[in-house]
Structures are given as structure tokens and as C-alpha cells.
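Be aware that the sequence shown starts at 293, since it is given in this note's numbering, and climbs by one per residue.
Just so it is clear, CB atoms sit at the ideal spot from N, CA and C, and this is done for glycine as well.
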Amino acid sequence: MQDETALEPLTRQQIFISEPFLSPVGNLILSVTAPVFDDNKRYLGFVGGAIYLQEDNILNQILDKRHHNESAYTYVVDKNRHIIFHKNVERIGEKVSENRIVDTVLSGVSGSMIAKNSLGLEMIAGYAPAQLTNWGIVSQSHKSVALEKVYGTITDVVLSTLPLMVLTLLIIILLAMKIAEPLASLAQALKEEGLDSKIDPRKITAWYFEADYLKKAFISSHERIEQTILKLDQDSQNVQLTQLLNRRGMEKALATFKACSQPFAVLALDIDHLSG
């Protein structure tokens, strides 16, 4: 370890993570140290370890196997904006200058945003700070690829549910037609009433309560109207005082006999002033 890097944990006497530095043999590493105290809380020194940033390490094992497409990747920056993990090993150790995502995550904020990377490509990024180490962890993917995945998922969902949706729609249409059928028949019977309607309301199948209630009300109303008309017709053919047939009643009776080819004889008396 370099002298300054080795002395800093002795001075701090607390958990310390160094900035990336080159080892004497040219490896880019960072050191992690933790202080050691005795039972009387007297500082005895520290224990430390090193993470070889450009080799297979714990960061690779945790972060590099979490993505399912080539456009998605995760990188980690330390508090001084140095990249300490990236899928492109050549970028490890690089200091990030202007990057809105890095600015945000190193300020201690977690969230997501759409921003351009160092190559000018629009990326959808999620980020979160690691409070203990003061690192920023960023996971991002090309916007076009991410949206393509979303649209693909939506298309798959629509295609997989389309048969069920069509079947449900057909069932709804058939059920609506079945519900409307008795109502349409009743409406047609009511419309054609008095015009030699071919629809007999009594034969309409009303299979649910509301339609059956309307059917019964229609038949009852129709019967009352027929009875009223019949009574009015009878009254128009009789003399009120004697209840005998008047001239209109006689003519109707004669027409009936003629239609039946029945022999008959008629004796008609025209008596006026019966009330006198």
C-alpha cells in the first residue's frame, strides 16, 4: 500500500475504504480496513483487505450477473467520482466529470431518470447511494431497448389475453341479445297492436323477472282494452231502454247469417217514443 493510504486508517481509527490506487505491481485496487480495539477500547491497529478492481471480485459476482440483455449494465462510483466497477474493465479507475446521474446519486438521493451517458446515448437509469461506503450505484439500460422490451411485454400480454377477451365479448353480446329479446318482442307487439299483430304476447318467453313483469302488465292492459272495446261495441248495438238490438245490431246479425249461408227471416219493428 502507498504510505498515505496506509496511514489514513491509522489516523481515522474507523472503517475506511480508500480511493482506487495502483499497487506496486500495477494492479488497480482499493483497500478496506476496520479498526481493532481491546477490551479497554484502546486502539490496537486495523485489519484490512484489498479488492482488485480489474479482476474477478465480489462486485463482479454481485452486480455483473443481474442483467438479461447486453445494453443493460451497472457501474459503481466512489465519493470522489472514480469508477470502481464497470462491465467495461478499461473504464475502471476513470473519474466521471459531468454526469447528471452521478451528481444525483452522490448527493445521497435514490431514484430514476432518463439521461445521456458519456457516449451521448439516452439511458433509463435507476440509482441508489450506499450510505456506509459513500458509493453511488447506477443501473442503466438504453432507452430504446428498454422501451422495446416494454412494448414487447405489452404485445405478449395482449396476444395471450386476446382469445379470452374475444370470448368474453362474444358472451356479453349473446347475453345482451338474450336479455333484449323478450323486450324487443314486447315492444313490437305493442307497436303492432290494432294492426293485426302477428305476435302473441302470451307466447313471448320472458325468462327473467323484469321482462316477465312487463309481459304480464302488457297482457293485463291489453285484455282490459279489449273488454272495454267489446262493451262499447255491444252498447252501440243495443237500445239502452229495452236492451234489444237496434238497427246497427240487426245489420250485423244479418251479415253474420249471410256469411254462414244460414236461412233466416226478419221481423223488424221500429217503435219510437218509448219513453212517452
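Proximity below 8 Å, CB of residue i to CB of residue j
| i | j | result |
| --- | --- | --- |
| V369 | G318 | no |
| T325 | F338 | yes |
| A479 | P493 | no |
| N391 | E311 | no |
| I593 | Y365 | This structure leaves residue 593 out entirely; the chain is present only between 293 and 568. |
| I416 | K435 | yes |
| L546 | V531 | no |
| V328 | L320 | no |
| R539 | S528 | no |
| S363 | S315 | no |
| I491 | E502 | no |
Continuous beta strand (DSSP E) stretch holding residue i: start and end
| i | result |
| --- | --- |
| V324 | L320 to F329 |
| K508 | No beta strand (DSSP E) holds K508; the alpha helix (DSSP H) holding it covers F501 to Q529. |
| P555 | First-last for P555: undefined, no H or E at that position. |
| I496 | Neither: I496 is in no beta strand (DSSP E) and is coded neither H nor E. |
| A342 | Y335 to Y344 |
| V368 | Y365 to V369 |
For residue i, the first and last residue of its enclosing alpha helix (DSSP H)
| i | result |
| --- | --- |
| S433 | That residue, S433, is in no alpha helix (DSSP H); its beta strand (DSSP E) goes W427 to H434. |
| L351 | I350 to L355 |
Cβ neighbour criterion (16 or more within 10 Å) applied to residue i
| i | result |
| --- | --- |
| L487 | Unreliable positioning characterises L487 in this predicted model, as indicated by a pLDDT of 47, which lies under 50. The coordinate reading is nonetheless provided below. Exposed: under 16 other Cβ atoms inside 10 Å. |
| S573 | Outside the displayed span of the chain (293 to 568) sits residue 573, for which this structure offers no information. |
| S512 | exposed |
| Q323 | Checking the sequence, you will find Ser at residue 323 rather than Gln. Buried is the call here. |
| Y344 | exposed |
| L299 | exposed |
| Y443 | exposed |
| I350 | exposed |
| P555 | exposed |
| P301 | buried |
| I242 | Past the boundaries of the shown model lies residue 242; the chain is included only from 293 to 568, so the question cannot be answered. |
| I375 | buried |
| F549 | exposed |
Can we say the region 397–414 touches the region 422–439, given the rule of at least three CB pairs closer than 8 Å? With the cut-off at 8 Å, the region 397–414 and the region 422–439 touch.
Mind pulling the beta strand (DSSP E) runs of 3 or more residues that sit fully within the region 393–425? If only uninterrupted beta strand (DSSP E) runs of at least 3 residues are considered, those enclosed by the region 393–425 are 403–408 and 414–422.
Alpha helix (DSSP H) runs wholly inside the region 371–396, at least 4 long, in chain order: For the region 371–396, not a single whole alpha helix (DSSP H) run of length 4 or above is found.
Quick check: the region 381–395 against the region 404–424, are there 3 or more CB pairs under 8 Å? These segments touch.
If we count Cβ pairs, one from each stretch, closer than 8 Å, do we get three or more for the region 496–506 versus the region 460–478? In short, these stretches touch, since the Cβ pair count reaches three.
Check whether the region 464–473 touches the region 440–450, taking contact to mean three or more Cβ pairs, one atom from each stretch, closer than 8 Å. No, the region 464–473 is not in contact with the region 440–450.
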